[in-house]
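Participant:
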Amino acid sequence: MFDIGFWELCLVGLISLLVIGPERLPKAARIAGYWLGKSRSIVANVKSEIKEELQAEEMRQIIKQQSELEEFHKALQQGENMIKDVASSVTETGKTNKKSD
Numbered sequence: 637m638f639d640i641g642f643w644e645l646c647l648v649g650l651i652s653l654l655v656i657g658p659e660r661l662p663k664a665a666r667i668a669g670y671w672l673g674k675s676r677s678i679v680a681n682v683k684s685e686i687k688e689e690l691q692a693e694e695m696r697q698i699i700k701q702q703s704e705l706e707e708f709h710k711a712l713q714q715g716e717n718m719i720k721d722v723a724s725s726v727t728e729t730g731k732t733n734k735k736s737d
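When we follow our numbering, the leftmost residue of the sequence shown carries the number 637, and every step to the right adds one.
So, in C-alpha cells, the structure goes:
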C-alpha cells in the first residue's frame with residue numbers, strides 16, 4: 637500500500653521522539669499500534685465480505701445458467717418426442733395404405 641522503507645520509519649521515530657518526548661512515546665506507540673491493528677482488521681473484514689458477495693453472485697449466475705440449460709433440454713426432449721410421434725404415425729399410415737391396396 638505505502639512504500640515506506642527502513643529509513644523513513646527511522647525518521648518518523650526520531651521526529652516523534654523529539655515532538656512527543658521519551659516519557660510519552662511508548663504510550664503513543666501502543667495507541668498507534670492498536671489503531672493500526674484495528675484498521676487492518678476492519679479492512680480484512682470488508683475484503684472477506686466483498687469476496688463472499690462475489691462468490692454468492694457467481695453461484696446465482698451458475699444456477700441461472702443451469703436452469704436455462706434444463707429448460708433447453710426439456711424443450712429438446714419435447715421436440716424429440718414429437719418427431720417420434722410423427723414418425724410412428726407416418727409408419728402406421730404407410731402400413732394402413734399397404735393393407736388397403
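The C-beta atom is built at its ideal place from N, Cα and C for all residues, glycine as well.
1. Output the distance between the C-alpha atoms of L690 and Q714, rounded to the nearest integer angstrom.
2. Would you identify the three-state DSSP class for I640, choosing helix, strand or coil?
3. On the premise that A664 lies in contact with I656, defined as a C-beta separation below 8 Å, what is that separation, rounded to the nearest angstrom?
4. Excluding the 5 residues flanking L653 on each side, which residues of the same chain have their C-beta closer than 8 Å to its C-beta?
5. Which value, in whole angstroms, describes the spacing of the CA atoms of M695 and T732?
Facilitator: According to the structure shown:
1. Here the question's residue 690 lines up with position 54 in the sequence shown. Here the question's residue 714 lines up with position 78 in the sequence shown. About 36 Å.
2. Position 4 of the sequence shown, counting from 1, holds the residue named residue 640. Note: I640 maps to coil in three-state DSSP.
3. The sequence position of residue 656 within the sequence shown is 20, counting from 1. The sequence position of residue 664 within the sequence shown is 28, counting from 1. Contact holds; Cβ gap of about 5 Å.
4. Locating residue 653 in the sequence shown gives position 17, where the first residue counts as 1. Hits under 8 Å: L661.
5. Here residue 695 is taken as the residue at index 59 of the sequence shown, counted from 1. Here residue 732 is taken as the residue at index 96 of the sequence shown, counted from 1. So the two alpha carbons sit approximately 55 Å from each other.
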